[in-house]
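Undergrad: Chains as they are written, first to last, in numbering that gives the first Met the number 0: chain A, 0 to 265; chain B, 0 to 153; chain C, 0 to 627. One structure is given below, represented as structure tokens, and several questions about it will come after.
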Amino acid sequence: MAFHMTINGRRVDANAGETVLATARRHGIPIPTLCHHEAVEPFGSCRLCMVEVTKAAWKGWKGLMTACLYPSAPDLIIETDSPRVRQVRKTVLDLLLARCPDADVIRKLASEYGVEQTSFVPREHPDKCILCGLCVRVCETAATAAISTVQRGHHREVGTPWGGPPPDCIGCLACAHVCPTGHIQYSEAGGVRKIWEREFKLVRCKETGKTLPITEEQAAFLAKRQGMDPSYFTMSEEAQRTRTATTLGKIARWDKLGLVQEEVKS
Amino acid sequence: MTAVATPGTSTSTRGKWKVRLIVQPQYCIGCRACEMACAFTHGTGGQPGASRCVTVTTGKDQYVPMFCLQCDHAACVQVCPVGAITRDETTQQVHVNNDKCVLCMACTVACPFGNMHYDPLRALIHKCDLCTGYGEDPRCAMFCPTKCLTVERW
Amino acid sequence: METVRYESAEGFARHVNDLRRSAFASQRRVLVCCGTGCLAGGAQQVAIEMDKQLSALPAAKRTELNLVMKKTGCHGFCEKGPLVVLMPEGTFYKGVKPKDVADIVHRTIANGEVLEHLLYVEPKTGERVARYGDIDFYAKQMRVAMRNIGHIDPASIDDYLLRGGYASMVKALTTMSPEDVLVEIEKAKLRGRGGGGFDAGRKWRSAKKAMGDRRYVICNGDEGDPGAFMDRSIMEGDPHGVIEGMIIGAYAVGSHDGFIYVRQEYPLAVEHLRKAIDDARGRGLLGKNILGTGFDFDIEIARGGGAFVCGESSALMRSVEGKVGEPRAKYVHATEKGLFDQPTVLNNVETWVNVPRIIEKGADWFTSLGTDRSKGTKAFALTGKVKNTGLVEVEMGTTLREIIWGPGGGMIDDGPKGKFKAVQTGGPSGGCVPESLLDLPCDFDSLTEVGSMMGSGGMIVMDHSTCMVDVARYFLSFLTDESCGKCVPCREGLLQMYGIVSRICEGQGKLEDLEQIESLSQTIVVGSLCALGKSGPNPVLSTLKYFRDEYLAHIQDKRCPAGVCKALITYKVNHDACDGCGACLRSCVSQAISGTIRKGETFQIDEMKCDRCGACATVCKRAAIAAA
Numbered sequence: 000m001a002f003h004m005t006i007n008g009r010r011v012d013a014n015a016g017e018t019v020l021a022t023a024r025r026h027g028i029p030i031p032t033l034c035h036h037e038a039v040e041p042f043g044s045c046r047l048c049m050v051e052v053t054k055a056a057w058k059g060w061k062g063l064m065t066a067c068l069y070p071s072a073p074d075l076i077i078e079t080d081s082p083r084v085r086q087v088r089k090t091v092l093d094l095l096l097a098r099c100p101d102a103d104v105i106r107k108l109a110s111e112y113g114v115e116q117t118s119f120v121p122r123e124h125p126d127k128c129i130l131c132g133l134c135v136r137v138c139e140t141a142a143t144a145a146i147s148t149v150q151r152g153h154h155r156e157v158g159t160p161w162g163g164p165p166p167d168c169i170g171c172l173a174c175a176h177v178c179p180t181g182h183i184q185y186s187e188a189g190g191v192r193k194i195w196e197r198e199f200k201l202v203r204c205k206e207t208g209k210t211l212p213i214t215e216e217q218a219a220f221l222a223k224r225q226g227m228d229p230s231y232f233t234m235s236e237e238a239q240r241t242r243t244a245t246t247l248g249k250i251a252r253w254d255k256l257g258l259v260q261e262e263v264k265s
Numbered sequence: 000m001t002a003v004a005t006p007g008t009s010t011s012t013r014g015k016w017k018v019r020l021i022v023q024p025q026y027c028i029g030c031r032a033c034e035m036a037c038a039f040t041h042g043t044g045g046q047p048g049a050s051r052c053v054t055v056t057t058g059k060d061q062y063v064p065m066f067c068l069q070c071d072h073a074a075c076v077q078v079c080p081v082g083a084i085t086r087d088e089t090t091q092q093v094h095v096n097n098d099k100c101v102l103c104m105a106c107t108v109a110c111p112f113g114n115m116h117y118d119p120l121r122a123l124i125h126k127c128d129l130c131t132g133y134g135e136d137p138r139c140a141m142f143c144p145t146k147c148l149t150v151e152r153w
Numbered sequence: 000m001e002t003v004r005y006e007s008a009e010g011f012a013r014h015v016n017d018l019r020r021s022a023f024a025s026q027r028r029v030l031v032c033c034g035t036g037c038l039a040g041g042a043q044q045v046a047i048e049m050d051k052q053l054s055a056l057p058a059a060k061r062t063e064l065n066l067v068m069k070k071t072g073c074h075g076f077c078e079k080g081p082l083v084v085l086m087p088e089g090t091f092y093k094g095v096k097p098k099d100v101a102d103i104v105h106r107t108i109a110n111g112e113v114l115e116h117l118l119y120v121e122p123k124t125g126e127r128v129a130r131y132g133d134i135d136f137y138a139k140q141m142r143v144a145m146r147n148i149g150h151i152d153p154a155s156i157d158d159y160l161l162r163g164g165y166a167s168m169v170k171a172l173t174t175m176s177p178e179d180v181l182v183e184i185e186k187a188k189l190r191g192r193g194g195g196g197f198d199a200g201r202k203w204r205s206a207k208k209a210m211g212d213r214r215y216v217i218c219n220g221d222e223g224d225p226g227a228f229m230d231r232s233i234m235e236g237d238p239h240g241v242i243e244g245m246i247i248g249a250y251a252v253g254s255h256d257g258f259i260y261v262r263q264e265y266p267l268a269v270e271h272l273r274k275a276i277d278d279a280r281g282r283g284l285l286g287k288n289i290l291g292t293g294f295d296f297d298i299e300i301a302r303g304g305g306a307f308v309c310g311e312s313s314a315l316m317r318s319v320e321g322k323v324g325e326p327r328a329k330y331v332h333a334t335e336k337g338l339f340d341q342p343t344v345l346n347n348v349e350t351w352v353n354v355p356r357i358i359e360k361g362a363d364w365f366t367s368l369g370t371d372r373s374k375g376t377k378a379f380a381l382t383g384k385v386k387n388t389g390l391v392e393v394e395m396g397t398t399l400r401e402i403i404w405g406p407g408g409g410m411i412d413d414g415p416k417g418k419f420k421a422v423q424t425g426g427p428s429g430g431c432v433p434e435s436l437l438d439l440p441c442d443f444d445s446l447t448e449v450g451s452m453m454g455s456g457g458m459i460v461m462d463h464s465t466c467m468v469d470v471a472r473y474f475l476s477f478l479t480d481e482s483c484g485k486c487v488p489c490r491e492g493l494l495q496m497y498g499i500v501s502r503i504c505e506g507q508g509k510l511e512d513l514e515q516i517e518s519l520s521q522t523i524v525v526g527s528l529c530a531l532g533k534s535g536p537n538p539v540l541s542t543l544k545y546f547r548d549e550y551l552a553h554i555q556d557k558r559c560p561a562g563v564c565k566a567l568i569t570y571k572v573n574h575d576a577c578d579g580c581g582a583c584l585r586s587c588v589s590q591a592i593s594g595t596i597r598k599g600e601t602f603q604i605d606e607m608k609c610d611r612c613g614a615c616a617t618v619c620k621r622a623a624i625a626a627a
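In structure tokens, the structure reads:
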């Protein structure tokens, strides 16, 4: 079911069930986000996507809502870049800069809003975690919920059961890839992947012995959860392609080859 | 004569047509013009991207261009743990939503034909999209000198 | 009491009538308050001793007296506890110790003699007051939500029945349709008592209309505001009142499952609620096919884990679901998707306990109380520098002055520093109200308009020995501790604000700090995800609005006018008064005082070593040391 709303003075169509963020992005209207990712449910923790929302029926009252969660509705009037919105984004980025002064993505975004240096007191011993929650949420959705946030308030952090290496982690690296600041580190050497103080063996191609980009635990997890035969996870992409190409080649009519070469030469 | 048929979607220039790529490996001379055409079509700012098509040498003077077969019951669709890969039944094309993708690499392993690729430079999963959204027909066929690759509209 | 089960409204009415005519009802009662406050004061020992003494009386005397001891819930006058009240006379004894019990039994109960030394003294007149009903603290209250507390044994369902308990529920379930009940609550304009003040009828109506397989009703017993204990008192002292309210509400909206969420720190409330639920179930007032009406409803108790943020409705629901107590954006209301994604009605303890009264006496009675937009009464936890600290329930619209100098009895300290300075209302979400606004009515809207709020009813009275900057610092410390940490403005913003205000208290404030507080507050207020963050800046903003000069003194003069902020106090020896006795020198643990004995003019306090403990000022017999 489609209807219309106004974003930055522009009349746009929207669909039932869409959020303001989805509608805006579909129309190419930019709204900055940090804690948003299509793979997981919106969270509303970074507050960067705040937009001004009003309706004719609200008689001039304007609310500030997070676009990632606010449902698109008929006759909404949205402003994505008003002075009030910019002020909130500026302060949020200023605060994040105090928390994570070395996070490049924060520095860059803050600079866009006129904040080169934080006006607050920087955190002692800062790291790059902005507590967007993406790692935890993606692990819950795409993997095993091996990590979670622990403690509350400014003690809040992404943690593991009893602070040790998470036993349920399958080494899929989804957390590292969705992390906006690169806070989550991992390494790979000699067919071993290391992350969250755990070591994982990468699957080796049964034909060539080369490593695959997934771990043994990941293969077992995917086979089980996605209901697929484990044999899907035993060969490298290259080996699969070569094998398939060879088979396809057998179907082709190579007797026609000579004719082609004649044509090309002439 | 036909080896493999891959269905595809229509773009504005294709109008209401859907497309299929037909491959006849016996005509492939291994020139890799298809790879170049694909790379440049999917590139930005005049720079080539990563090719979705990979031409495999299977023997002396024997080459097979390989790209996504848009499978009916695609392994990649099934394996994706976040549902970033879907199949459009109207166009019969398999689509990767890069915004949803978390780069777990499951699809690159699960594809039984090795046609799902990871571009480390751009940190992107990609595969043949029949040049959907790039206007005109699949470029590889347009540049193939021997008509090994041809487009069929349906 | 034999186990009775009511299969119908008639069965219920018959049993209550029998109860009324029974010996049980005609007994005299000695009520020993066993609310948490009095228990902390030793009420358990008083009750044990009372029981012992009464049992030791000869059988004939006991029959003659026809008296039973009841351990009741919190009377609300906690500071004067342990409390013992004799009914029906109403003789009121305060500060009762176990050693007083023998006298109470033999002289008051047996002989009708009033023990003067145990009577409450009215602070204004200095007179002793014998009767419960004559004490200003109680006389000036209008107890609706707290009507039963202190009069009944919360563990006795029969006590509750004798006070008219469950009659409203029977009336609703057997003579009214769910729509009738809902309309009555809508007409009564009952607004939530937990702090939000949202119209309960409107909330119930939207939950009723919403789509869902199951509907839930929840009682929010988290009561996290420091200094607030109204809900504790109600849950401990009148658990059936809450249950009855919830049954009526569930009937109105079509819910069959209820939860009472009690904070971890209220074990007595949990105990009393559990007993009440068991008893109600046993009697057929809760559970399947209540009174044969076909209406099913049952209640489960859920306990908090010790987090203020779980008082926030969406966080509370996450907590009941077994998840981490974090709020969520409420663009989709809980009445549509709440607990387990189903339509949910969440109301505060005090709101629920008003419901049976409204059904019994009608919406018109309720709307005759209070102001235009705030109907009924409100329970306040009056604490701080007042003579009578405790729970005060008054009609909405009663002014702050009337409350503080009425039941409150006025300021506790008659000295120069004891003059009224401010009253903090609404807990950490509220603000400070100065003397100039004391005639503001206490209702939902008047206090909000001046930068505070009524909130759940916390009311902390402050005099000139209170530093308002320190008050702001205290609330920020509380909020930064209790923030869930999910959103940036609250987690990082309040933390930075706490840092700024702390530095001001430590004498390191700059004038620019005030600007930064104001601008940061704006973002926190509009940008935070939930009310904890949104209202977090209120204490700072309201103290800044009404006591800006105090902030300026801290910043510009490096001085704390109230003499609270240690870093800004300097202890100095007044050489005219000092006789060189050296008591101060001996008392100083920091060895900051030097001087020659008997040579007063030589005594000095080293500011660098002094840690402002104030011991020297306390021990000086010549009042020669004072804080400046």
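A virtual CB, placed ideally from N, CA and C, is assigned to each residue, including glycine.
Taking Cβ-Cβ distances shorter than 9 Å, what residues in chain A pair up with residue 73 of chain C?
TA: By 1-based counting over the third sequence, the position of residue 73 of chain C is 74. Result: empty, since nearest Cβ-Cβ is about 30 Å, beyond 9 Å.
Undergrad: Contact check, residue 385 of chain C vs residue 357 of chain C under 8 Å by CB: the rounded distance?
TA: As a first step, residue 385 of chain C is located in the third sequence; it is residue number 386 there, counting from the start. As a first step, residue 357 of chain C is located in the third sequence; it is residue number 358 there, counting from the start. Contact doesn't hold; Cβ gap of about 31 Å is too wide.
Undergrad: Residue 57 of chain B touches chain A at which residues, Cβ-Cβ below 7 Å?
TA: Reading the second sequence from its first residue, position 58 is the one you call residue 57 of chain B. Residues of chain A passing the Cβ test: 244, 245, 248.
Undergrad: Does the Cβ-Cβ distance between residue 393 of chain C and residue 44 of chain C come in under 8 Å?
TA: Here residue 393 of chain C refers to the residue found at position 394 of the third sequence. Here residue 44 of chain C refers to the residue found at position 45 of the third sequence. Not closer than 8 Å, so no.
Undergrad: Is it right to say residue 321 of chain C is buried, meaning 16 or more other beta carbons lie within 10 angstroms of its own, or is it exposed?
TA: Start at 1 with the first residue of the third sequence, and residue 321 of chain C comes out as number 322. Result: exposed.
Undergrad: Since residue 123 of chain B meets chain A, which of its residues come closer than 7 Å, beta carbon to beta carbon?
TA: By one-based count along the second sequence, residue 123 of chain B stands at place 124. Within 7 Å Cβ-Cβ: nothing; residue 123 of chain B doesn't reach chain A, min ~11 Å.
Undergrad: Just reading off the beta strand (DSSP E) that residue 77 of chain A is part of, what are its end residues?
TA: Locating residue 77 of chain A in the first sequence gives position 78, where the first residue counts as 1. Counting along the chain, the beta strand (DSSP E) containing residue 77 of chain A begins and ends at 76-78.
Undergrad: Which bits of chain B does residue 187 of chain A rub up against, with CB to CB less than 9 Å?
TA: On the first sequence, residue 187 of chain A is found 188 positions in, with the first residue counted as 1. Going along chain B, no residue has its Cβ under 9 Å from residue 187 of chain A, so there is no contact; the nearest lies around 12 Å.
Undergrad: Under the DSSP definition of a beta bridge, which residues are partnered with residue 514 of chain C?
TA: Position 515 of the third sequence holds residue 514 of chain C. Bridge partners of residue 514 of chain C: none, in fact.
Undergrad: Hey, quick one: how far does the alpha helix (DSSP H) through residue 609 of chain C stretch, first residue to last?
TA: As a first step, residue 609 of chain C must be located in the third sequence, where it is residue number 610. Element bounds for residue 609 of chain C: n/a, residue is neither H nor E.
Undergrad: Does the beta-carbon of residue 112 of chain B have 16 or more other beta-carbons within 10 angstroms, so that it is buried, or is it exposed?
TA: Looking up residue 112 of chain B in the second sequence gives position 113. Per the 10 Å Cβ criterion, buried.
Undergrad: Considering just the uninterrupted stretch of the alpha helix (DSSP H) at residue 23 of chain C, what are its terminal residues?
TA: On the third sequence, position 24 is the one that residue 23 of chain C refers to. That run of the alpha helix (DSSP H) goes 22-25.
Undergrad: Does any residue of chain C have a CB that is nearer than 8 Å to the CB of residue 197 of chain A?
TA: Mapped onto the first sequence, residue 197 of chain A falls at position 198. No, no contact with chain C.
Undergrad: With residue 42 of chain C and residue 32 of chain C assumed to form a contact (beta carbons below 8 Å), what rounded beta-carbon distance in angstroms separates them?
TA: Walking along the third sequence from the start, residue 42 of chain C turns up at place 43. Walking along the third sequence from the start, residue 32 of chain C turns up at place 33. Contact holds; Cβ gap of about 6 Å.
Undergrad: If you drop the 5 nearest sequence neighbours on each side, which residues of the same chain put their C-beta closer than 6 Å to that of residue 479 of chain C?
TA: The residue given as residue 479 of chain C occupies position 480 in the third sequence. Closer than 6 Å at Cβ, skipping near neighbours: 493, 494, 497.
Undergrad: Residues in the same chain with beta-carbon distance under 8 Å from residue 173 of chain C, minus the five sequence neighbours each way, listed in chain order, please.
TA: Along the third sequence, one-based indexing puts residue 173 of chain C at 174. So the list reads 8, 290, 292, once near-sequence residues are dropped.
Undergrad: Which of the residues in the region 168-183 of chain A, read from start to end, lie with their CB under 8 Å from any CB of chain B?
TA: So the close ones are 171, 172, 173, 176, 177.
Undergrad: Interface residues of chain A around residue 480 of chain C at Cβ under 7 Å?
TA: Position 481 of the third sequence, counted from the start, is the residue given in the question as residue 480 of chain C. Per Cβ cutoff of 7 Å: 152.
Undergrad: Between the alpha carbons of residue 248 of chain A and residue 68 of chain B, how many angstroms are there, rounded?
TA: Here residue 248 of chain A corresponds to residue number 249 of the first sequence, with the count starting at 1. Here residue 68 of chain B corresponds to residue number 69 of the second sequence, with the count starting at 1. Their backbone Cα atoms lie some 15 Å apart in a straight line.
Undergrad: Give me, in chain order, the residues of the same chain whose beta-carbon lies closer than 7 Å to that of residue 2 of chain B; leave out the 5 immediate sequence neighbours on both sides.
TA: Taking the second sequence and counting its residues from 1, the one referred to as residue 2 of chain B is at position 3. Here the model assigns residue 2 of chain B a pLDDT of 42, short of 50, so the residue's position is not dependable, and the following value carries that caveat. Closer than 7 Å at Cβ, skipping near neighbours: 22, 23, 24.
Undergrad: Roughly how many angstroms lie between the CA atoms of residue 51 of chain C and residue 249 of chain C, to the nearest whole one?
TA: Counted from its first residue, the third sequence places residue 51 of chain C at position 52. Counted from its first residue, the third sequence places residue 249 of chain C at position 250. If I take the Cα positions, the gap works out to 44 Å.
Undergrad: Can you check the region 229-253 of chain A for any alpha helix (DSSP H) of at least 4 residues that lies completely inside it and give the ranges in chain order?
TA: 236-250, all fully within the region 229-253 of chain A.
Undergrad: What residues of chain B sit near residue 137 of chain A, judged by a beta carbon separation below 7 Å?
TA: Start at 1 with the first residue of the first sequence, and residue 137 of chain A comes out as number 138. Near residue 137 of chain A (Cβ distances below 7 Å), the residues of chain B are 101.
Undergrad: Check the Cβ-Cβ distances between residue 192 of chain A and every residue of chain B, and say whether any is below 8 Å.
TA: For this step, residue 192 of chain A is matched to residue 193 along the first sequence. No, residue 192 of chain A lies away from the interface with chain B (no Cβ there is under 8 Å from its Cβ).
Undergrad: Relative to chain A, which residues along the region 499-515 of chain C have a C-beta separation below 8 Å, given in chain order?
TA: Hits within the stretch, in order: 515.
Undergrad: Identify the contact partners of residue 526 of chain C in chain A, using a Cβ-Cβ distance below 8 Å as the criterion.
TA: Translated into positions along the third sequence, residue 526 of chain C becomes position 527. What residue 526 of chain C touches in chain A: 46, 49, 63, 87, 90, 91.
Undergrad: Do the region 272-289 of chain C and the region 497-510 of chain C touch if we need at least three Cβ pairs shorter than 8 Å?
TA: With the cut-off at 8 Å, the region 272-289 of chain C and the region 497-510 of chain C do not touch.
Undergrad: Roughly how many whole angstroms lie between the Cα atoms of residue 370 of chain C and residue 400 of chain C?
TA: Here residue 370 of chain C refers to the residue found at position 371 of the third sequence. Here residue 400 of chain C refers to the residue found at position 401 of the third sequence. So the two alpha carbons sit approximately 17 Å from each other.
Undergrad: Buried or exposed, going by whether 16 or more other CB atoms sit within 10 Å of the CB of residue 123 of chain C?
TA: Stepping through the third sequence from its first residue, residue 123 of chain C is reached at position 124. Looking at its Cβ environment, which holds fewer than 16 other Cβ atoms inside 10 Å, residue 123 of chain C is exposed.
Undergrad: Are the C-beta of residue 251 of chain A and some C-beta of chain B separated by less than 8 Å?
TA: Along the first sequence, read from residue 1 onward, the residue named residue 251 of chain A stands at position 252. Chain B contact via Cβ: present.
Undergrad: Could you tell me the alpha carbon to alpha carbon distance between residue 297 of chain C and residue 176 of chain C, rounded to whole angstroms?
TA: Working through the third sequence from its first residue, we reach residue 297 of chain C at position 298. Working through the third sequence from its first residue, we reach residue 176 of chain C at position 177. Near 19 Å, if we compare the C-alpha coordinates of residue 176 of chain C and residue 297 of chain C.
Undergrad: With a threshold of 8 Å, are at least 3 pairs of Cβ atoms found where one atom belongs to the region 216-226 of chain C and the other to the region 261-281 of chain C?
TA: Yes: at least three Cβ pairs fall under 8 Å.
Undergrad: On the three-pair Cβ rule with 8 Å, is the region 86-97 of chain A touching the region 518-528 of chain C?
TA: A contact exists between the region 86-97 of chain A and the region 518-528 of chain C.
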